[in-house]
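Quick note: to get the numbering used here, add 119 to the position in the sequence shown (first position is 1).
Ideal Cβ positions, reconstructed from N, Cα and C, are used throughout, including at glycine.
Quick caveat: nothing in here was measured; it's all calculated off a predicted structure.
Accompanying notes for the structure given below.
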Amino acid sequence: MSNEEVIIKSEVKDSTLFLNDGGFSLSEESHWASWTWTMEVLGIDLTKLSTKVYYSSDGYNVIRSNSANNSHYNINPLIIVNDGVSSHWKSGSYAYGSGPFTVYGTATLGFVSASVAIVVQAKPGYVTGWKESI
């Protein structure tokens with residue numbers, strides 16, 4: 120079982136691109152979006168795993184994916200979480216971020232370890248995400 124949380128943030132940052140024929144102004148916006156998954160066992164929240172992707176757009180379309188990062192928040196003190204190295208990329212009109220995690224539990228919780236990846240997919244005004252077992 121799981122719960123999910125979606126957060127979107129946008130900030131406008133002006134950039135100017137000058138061409139050989141005099142000048143051309145291009146405005147870029149910096150965005151970030153995150154997706155959080157709450158791991159539950161037997162109806163008990165154990166930990167929250169989150170991946171955030173940073174990207175640039177022209178206001179409508181993703182220009183490039185800039186970076187991604189992982190974070191977690193342990194609710195249950197018996198849980199240990201290792202965050203892996205996150206990755207990011209642009210595909211089509213979306214920016215993606217992916218973060219691997221290894222969650223260590225105890226036999227009393229019903230699992231010893233679980234490896235998951237949290238993936239976030241975003242573009243201006245839209246974000247979704249999902250958990251994958253790895």
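Note to self: Could you compute how far the alpha carbon of S206 sits from the alpha carbon of Y173?
What the structure shows: 11 angstroms
Note to self: Just verifying my parser: in three-state terms, what is the DSSP assignment at T155?
What the structure shows: When secondary structure is reduced to three states using DSSP, T155 falls in the strand class.
Next item on the list: Counting only the same chain and skipping the five closest in sequence on each side, list residues whose C-beta sits under 7 angstroms from that of W249.
Entry: The beta carbon of W249 sits closer than 7 angstroms to the beta carbons of V238 from its chain, once the five residues preceding and following it are set aside; these are given in chain order.
Next item on the list: Would you mind giving the Cβ-Cβ distance between N195 and T166, rounded to the nearest angstrom? I have them listed as a contact below 8 angstroms.
Entry: 7 angstroms
Next item on the list: Quick one: measure Cβ to Cβ for L197 and T221, integer angstroms, because I've assumed they're closer than 8 angstroms.
Entry: About 15 angstroms; that fails the 8 angstroms criterion.
Checklist line | Helix, strand or coil at L165 according to DSSP, with G and I counted as helix | finding: In this structure, L165 counts as strand in the three-state DSSP scheme.
Note to self: DSSP has V172 in a bridge; who is on the other side?
What the structure shows: A152, A187
Item checked: CA-to-CA distance, V246 to A152, given in whole angstroms -> 7 angstroms
Next item on the list: Spatial neighbours of M120 within its chain, please: CB distance less than 6 angstroms, with the 5 preceding and 5 following residues excluded, ordered by chain position.
Entry: For M120, the predicted model reports a pLDDT of 38, less than 50, meaning its position is unreliable; a value from the coordinates is still stated below. Cβ neighbours of M120 beyond the five flanking positions: E159.
Next item on the list: Leaving aside the five residues before and after D164 along the sequence, list all residues of the same chain whose C-beta is less than 6 angstroms from its C-beta, in chain order.
Entry: These residues qualify, in order along the chain: T157, I194.
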